[in-house]
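Trainee:
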Amino acid sequence: MEEMDRNSLFHPLTSIAAHQQGGPKIMAGAKGVRLRDHAGREMLDCSGGLWCVNIGYGRPEIAEAASKAILDLNYWHLFGSSSHEASIRLADRVLNLMHEHADARHLRRVFFGTSGSDANDTNYKLVRYYANLRGTPEKRKIISRKGGYHGLTAAAATLTGIESYHTAWSLPSTDVVHAECPHLYRFGLDGESEAAYCDRLIADLEAIIEREGPDTVGAFIAEPIMGTGGVLIPPAGYFERVQAVLDKHDILMIADEVITGFGRTGQWFGTGLFGLKPDMVTLAKGITSAYFPVSASVISERVWKVLEAASPEHGPVMHGFTYSGHPVGAAIAMANLDIIENEGMVGNAAEVGPYLLEGLKARLGDHPHVGEIRGRGLMIGVEFMADRAKRKPFAAAQNAHRLVAAHAVEHGLMVRALPYLEVISFSPPLCITKADCDEAVDRFARALETSTPELRRLAAG
Ligand code: PMP
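Right, dumping it as structure tokens:
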């Protein structure tokens, strides 16, 4: 298998040279929160795959729903007013779930895709479509943020604010501008208060809008809590103030809830966590817990009204995919949402998440190379530092946190080393128990102990 992999697979997000040398890490099976690789080694999965396996692995209810959907109607599309029950019910359910948050009651329609990236491409295009229909075609730039991750298709990759995804690809980076990354611990000035830091971020946003010209800025996109950027929780009041700036300049807010959606933060949506008033919401991952690729763009009343009013003159909306609203994916999403609801998984994330966070802090908080440990619900980040006291980071090229994540796997714990800052993320399935968390903390502490001499050497060098 290893040989066949080397000779046939082009792996995403993988160094070709390292792969040829090290070979693949082949996963063979999984159940609940436990993974098993092809050598039979068991691991506790605190990554949730790529932040996506919210209900845990191997649920027979999903297999039954998929099997039934395949036998009933394995495919039909939504083009030209075609429809089917599974997508109708899922769209209605997503809206109802979002409407539970008082600030999201203006969301009106759901457009389906198959990945977070294509949903953000849809949003990117909708910003332009909306501007064109309103007769302000130049109001189409999108402000994203450094450290933000919004996917890797061509448009989504330009929204992503992490340089390593741009270099070498010569992407057409037109009409996207990146604002400052909101992370006080790393980017705050010496002794700067949270409030002063927030003032500075808002001033930066206002300066960008002024510099670009408010008539050219159509939207602002943000993850409520940045995931890939390093589990970055914005300073208090940040989103309220961002929203006020956007409202002043008639700029749309796009909330990228690909990670924060469907319970990960201990609330159904990050929109509810921070009182966002988004005009578009990007959903993926947790909508099916990765049992099938489904994504969605949820559109607000004000955007929908413009599209609707222009429709008689403009004809069909010339955007959509073969698999927009795939009936098997929609049936799986419904079964997944049943499990999240019936088993109280959002509540579990709200209760067990802080337990895991406190466990990590108690056990690792004093380690000389562990900086900040932070999180909301079951979205937690551990940031590593060359010198904790001086808040001096490791050089990016040292990959200090990657060696800790590699040792964690050897100790039977799957966690992820993120690509922007030296952060390891914990985003386990939402069904994880407190006993599993104790085990995770223990395994991670042992991995850190194994890594410490190497970390010390890197810090010195
Ligand atoms: N947005 C966010 C916030 C994400 O975390 C991701 C994936 N990690 C994406 C978009 C892109 O999703 P996909 O990989 O499904 O295209």
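Quick note on full-length UniProt numbering: the sequence shown kicks off at 1 and runs consecutively.
All C-beta atoms in this analysis are idealised placements derived from N, C-alpha and C, irrespective of residue type, glycine included.
Find out if the Cβ-Cβ distance for the pair ALA65, ALA335 is shorter than 9 angstroms.
Mentor: It is a contact, given that the beta carbons lie within the stated cut-off.
Trainee: Does the beta-carbon of LEU44 have 16 or more other beta-carbons within 10 angstroms, so that it is buried, or is it exposed?
Mentor: Per the 10 Å Cβ criterion, buried.
Trainee: Under 8 angstroms by Cβ, that's how I've got ILE254 and ASN123 pegged, so tell me the actual separation to the nearest angstrom.
Mentor: Contact flag correct, Cβ pair sits at about 5 angstroms.
Trainee: Below 6 angstroms CB to CB, which residues in the same chain sit around HIS38 once its five sequence neighbours on both sides are set aside?
Mentor: Excluding residues within five positions, the ones whose Cβ falls inside 6 angstroms are ILE26 and ALA28.
Trainee: DSSP beta-bridge partners for ARG416?
Mentor: Answer is SER425.
Trainee: Cβ atoms of GLU180 and PHE187: under 9 angstroms apart, would you say?
Mentor: Cβ distance < 9 angstroms, so PHE187 and GLU180 count as in contact.
Trainee: According to DSSP, is TYR57 part of a helix, a strand, or is it coil?
Mentor: Strand.
Trainee: What distance in whole Å lies between the Cβ atoms of HIS314 and LEU455, which are believed to be in contact at a cut-off of 8 angstroms?
Mentor: At roughly 59 angstroms, the Cβ-Cβ gap does not stay under 8 angstroms, so LEU455 and HIS314 are not in contact.
Trainee: With hydrogens ignored, establish whether the beta-carbon of residue 467 is closer than 8 angstroms to any heavy atom of ligand 1.
Mentor: Nothing in the structure corresponds to residue 467, since the chain is present only between 1 and 461.
Trainee: For residue 486, is the beta carbon positioned less than 8 angstroms from some heavy atom of ligand 1?
Mentor: Residue 486 lies beyond the residue range present for the chain, which begins at 1 and ends at 461; the question has no answer from this structure.
Trainee: Taking just the CA atoms, how far does HIS101 sit from GLY2?
Mentor: The question names Gly, but residue 2 in the sequence shown is Glu. Approximately 48 angstroms between the Cα atoms of the pair.
Trainee: Rank ILE225, HIS99 and ILE88 by C-alpha distance to the C-alpha of GLY148 and give the top, closest one.
Mentor: Looking at the Cα atoms, ILE225 is the closest of the given residues.
Trainee: Can the beta-carbon of ARG374 be found closer than 9 angstroms to that of ILE380?
Mentor: Yes; because the gap between Cβ atoms is below 9 angstroms, this pair is in contact.
Trainee: Could you give the DSSP three-state label for MET280: helix, strand or coil?
Mentor: Strand.
Trainee: Output yes or no for whether 9 angstroms exceeds the beta carbon distance between PHE112 and GLY329.
Mentor: Their beta carbons are under 9 angstroms apart, which means PHE112 touches GLY329 by this criterion.
Trainee: Among ILE62, ASN348 and HIS166, which has the Cα closest to the Cα of TRP268?
Mentor: With distances taken between Cα atoms, TRP268 lies closest to ASN348.
Trainee: For ALA219, which of helix, strand or coil comes out of DSSP?
Mentor: Looking at ALA219 - three-state DSSP - the assignment turns out to be strand.
Trainee: For GLU42, write down the residues that DSSP places opposite it in a beta bridge.
Mentor: ARG36, per the DSSP bridge assignment.
Trainee: Closest to VAL441 by C-alpha separation, out of LYS390, ILE55, ASN7 and GLY365, would be which residue?
Mentor: Closest by alpha carbon: GLY365.
Trainee: Would you check if there are 3 or more beta carbon pairs closer than 8 angstroms linking the segment 386 to 404 to the segment 196 to 207?
Mentor: The segment 386 to 404 is not in contact with the segment 196 to 207.
Trainee: Are at least three pairs of beta-carbons, each pair with one atom in the segment 271 to 284 and one in the segment 94 to 108, less than 8 angstroms apart?
Mentor: Short answer: they touch.
Trainee: Might you give, ordered along the chain, the residues of its own chain that have their beta carbon closer than 7 angstroms to the beta carbon of GLU138, omitting 5 neighbours on each side?
Mentor: For GLU138, where only same-chain residues beyond five positions count, the Cβ hits under 7 angstroms are ASP215 and THR216.
Trainee: Please report the Cβ distance between SER427 and LEU378, rounded to the nearest whole angstrom; I am assuming they are in contact, meaning their Cβ atoms lie under 8 angstroms.
Mentor: 6 angstroms between Cβ atoms; contact.
Trainee: Using only the alpha-carbon positions, how far apart do ALA119 and GLY461 sit?
Mentor: Taking the straight line joining both Cα atoms gives about 43 angstroms.
Trainee: Around the Cβ of VAL317, are there at least 16 other Cβ atoms within 10 angstroms (buried) or fewer (exposed)?
Mentor: Exposed, since its Cβ has fewer than 16 Cβ neighbours within 10 Å.
Trainee: Using the three-state DSSP reduction, which class does GLY381 fall into: helix, strand or coil?
Mentor: GLY381: strand per DSSP, three-state reduction.
Trainee: By a C-beta neighbour count over all protein chains shown, 10 Å radius and 16 as the cutoff for buried, is LYS68 buried or exposed?
Mentor: Result: exposed.
Trainee: Distance, Cα to Cα, LEU413 vs GLY80?
Mentor: Each residue's Cα considered, the two are about 48 angstroms apart.
Trainee: Mind checking whether the beta-carbon of PRO368 lies closer than 8 angstroms to any heavy atom of ligand 1?
Mentor: Not so, every heavy atom of ligand 1 lies at least 8 angstroms from the Cβ.
Trainee: Per the DSSP calculation, PHE111 is bridged to which residue(s)?
Mentor: Paired residues: SER297.
Trainee: In chain order, what residues of the same chain lie with their CB nearer than 7 angstroms to the CB of ALA290, ignoring the 5 residues before and after it?
Mentor: Once the five neighbours on either side are set aside, the close Cβ partners of ALA290 are GLY49, CYS52 and VAL53.
Trainee: Is the segment 151 to 166 close to the segment 237 to 253, with three or more CB pairs under 8 angstroms?
Mentor: Verdict: no, contact absent.
Trainee: For THR265 and VAL352, which I take to be in contact (beta-carbon distance under 8 angstroms), what is that distance rounded to the nearest angstrom?
Mentor: That pair is no contact at about 13 angstroms.
Trainee: Taking only heavy atoms of ligand 1 into account, decide whether any of them is closer than 8 angstroms to the Cβ of THR136.
Mentor: Checking every heavy atom of ligand 1 against the Cβ of THR136, none is found closer than 8 angstroms.
Trainee: Going along the chain, which residues of its own chain have a beta-carbon closer than 6 angstroms to the beta-carbon of ASP279, five neighbours each way excluded?
Mentor: Only LEU252, MET253, SER300 and VAL303 meet the Cβ criterion.
Trainee: How is LEU232 classed by DSSP in three states: helix, strand or coil?
Mentor: Strand.
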